[in-house]
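Enquirer: Pasting in a structure now, in structure tokens, and then I'll have a few things to ask.
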Amino acid sequence: MNYNIEINNLIKFIENNPDFNIIKSNICFYNNHLGAVLADIILQAGLNYKTVVFPRVLNIYKNYESANDLNGLITILEQTNISEFLQWKNEIKISRFKSVIEYLVENRISDSYDLSIHLQNPIHANEFLNIQGIGNKTLDYFLKLMNVETIAVDRHIINFLVKADIEFVNYNSAKKIVEYTADILEISRRDMDYSIWKFMSNKNKPQILELEF
Numbered sequence: 035m036n037y038n039i040e041i042n043n044l045i046k047f048i049e050n051n052p053d054f055n056i057i058k059s060n061i062c063f064y065n066n067h068l069g070a071v072l073a074d075i076i077l078q079a080g081l082n083y084k085t086v087v088f089p090r091v092l093n094i095y096k097n098y099e100s101a102n103d104l105n106g107l108i109t110i111l112e113q114t115n116i117s118e119f120l121q122w123k124n125e126i127k128i129s130r131f132k133s134v135i136e137y138l139v140e141n142r143i144s145d146s147y148d149l150s151i152h153l154q155n156p157i158h159a160n161e162f163l164n165i166q167g168i169g170n171k172t173l174d175y176f177l178k179l180m181n182v183e184t185i186a187v188d189r190h191i192i193n194f195l196v197k198a199d200i201e202f203v204n205y206n207s208a209k210k211i212v213e214y215t216a217d218i219l220e221i222s223r224r225d226m227d228y229s230i231w232k233f234m235s236n237k238n239k240p241q242i243l244e245l246e247f
């Protein structure tokens with residue numbers, strides 16, 4: 035697929051849209067805490083982040099300080115269990131969390147920084163994607179948490195491209211179009227991701243009619 039036309043069209047859409055603003059993305063303050071980061075990437079899919087995911091991530095960050103690396107995390111889980119650690123009962127996400135830990139053990143990865151370096155190798159990234167339930171979005175979302183310049187293609191990105199009438203065929207083509215657009219505009223990829231998220235979130239908010247008397 036030739037991306038040039040779609041990239042140019044997306045640039046025009048962004049530059050001609052007065053409601054679209056570049057907003058600097060936040061630095062993840064808990065990305066040095068392995069337990070919190072893994073909880074985040076496992077729980078985030080399909081759940082409300084603000085009310086369901088983040089409170090659980092914050093609980094782990096505050097109350098399980100020693101789970102900041104793999105050895106500490108394993109020790110904590112030997113004393114409790116994954117369900118209690120995540121404050122979650124659904125077996126699918128619990129099993130996924132366990133599979134990721136097993137992957138870290140097998141690959142001798144000790145902390146979130148090591149995992150970030152590891153997954154920036156395409157061979158290792160493909161191995162990680164073989165874990166049941168781990169997809170491209172989860173991988174890119176983790177890298178974003180670790181301040182890696184990337185785009186995690188979610189429904190907001192997809193809807194943004196559709197709104198801009200941009201053609202793409204799959205996850206990777208959507209990702210490349212947005213990333214290359216950010217590069218040409220000399221915008222951080224993480225900032226572009228966050229700006230699109232904010233733009234689409236605001237667009238999707240219900241408009242409340244206020245009457246003045």
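Per the working numbering, the sequence shown starts with residue 35, numbered consecutively.
For glycine and all other residues, C-beta sits at the position ideal for the given N, C-alpha and C.
Here the structure is a predicted model, which means the values were calculated and not measured.
1) Just the Cα atoms here: how many angstroms apart are Lys250 and Thr184?
2) Check this for me: beta carbons of Ile143 and Ile128, under 8 Å apart or not?
3) What's the call for Glu163, buried or exposed, on a 16-neighbour Cβ count within 10 Å?
4) Using the three-state DSSP reduction, which class does Asn36 fall into: helix, strand or coil?
5) Let's see if you can read the secondary structure: which residues bound the alpha helix (DSSP H) around Asp174?
6) When the Cα of Gln113 is compared with those of Asn124, Lys84, Ser100, Trp231, which residue comes out closest?
7) Are the CB atoms of Val139 and Met269 within a distance shorter than 8 Å?
8) Could you give the distance in angstroms between the alpha-carbon of Tyr205 and the alpha-carbon of Thr172?
9) Could you tell me if Asp199 is buried or exposed, where buried requires 16 or more neighbouring beta carbons within 10 angstroms of its beta carbon?
10) Please classify Gly167: does DSSP put it in a helix, a strand, or coil?
11) Would a C-beta distance cut-off of 8 Å place Asp225 and Ile56 closer than the cut-off?
12) Let's test the definition: count the other Cβ atoms within 10 Å of the Cβ of Asp227 and tell me whether it reaches 16, buried, or not, exposed.
13) How many Å lie between Glu220 and Phe233 at the Cα?
14) Indicate the three-state DSSP secondary structure (helix, strand or coil) for Lys123 in the structure shown.
15) Does the count of Cβ pairs from the stretch 186 to 196 and the stretch 151 to 159 closer than 8 Å reach three?
16) Residue ranges of each beta strand (DSSP E) run of no fewer than 3 residues wholly in the stretch 64 to 114, ordered along the chain?
17) Between the Cα of Ser229 and those of Asn42, Lys58, Lys46, spot the shortest distance and give me the residue it belongs to.
18) Note down the Cα distance separating Ala216 from Phe131, rounded to an integer number of angstroms.
19) Give me the Cα-Cα distance between Val182 and Ile94, rounded to the nearest whole angstrom.
20) Would you mind sorting Gly80 into buried or exposed? The rule is 16 or more other CB atoms within 10 Å of its CB.
21) Going by DSSP, what residue range makes up the alpha helix (DSSP H) through Lys58?
22) If we count the other Cβ atoms within 10 Å of its Cβ and call it buried at 16 or more, is Ile126 buried or exposed?
Expert: Let me spell this out:
1) Outside the shown range of the chain, which is 35 to 247, sits residue 250, and nothing can be said about it.
2) no
3) This sequence places Leu at residue 163; Glu is not what is there. With fewer than 16 other Cβ atoms within 10 Å, it is exposed.
4) coil
5) Run containing Asp174: 170 to 179, per the alpha helix (DSSP H) assignment.
6) In terms of Cα proximity to Gln113, the closest of Asn124, Lys84, Ser100, Trp231 is Ser100.
7) For the chain, the structure presents residues 35 to 247; residue 269 sits outside this window and is missing.
8) Distance from the CA of Tyr205 to the CA of Thr172, rounded to the nearest whole angstrom, comes to 12 Å.
9) exposed
10) coil
11) yes
12) Only buried fits Asp227, as 16 or more other CB atoms lie within 10 angstroms of its CB.
13) 19 Å
14) coil
15) No contact exists between the stretch 186 to 196 and the stretch 151 to 159.
16) Runs of the beta strand (DSSP E) inside the stretch 64 to 114: none found.
17) Lys58
18) 32 Å
19) One C-alpha to the other measures close to 23 Å.
20) Label assigned to Gly80: exposed.
21) It is not in any alpha helix (DSSP H) - Lys58 carries neither H nor E in the DSSP assignment.
22) So Ile126 counts as exposed.
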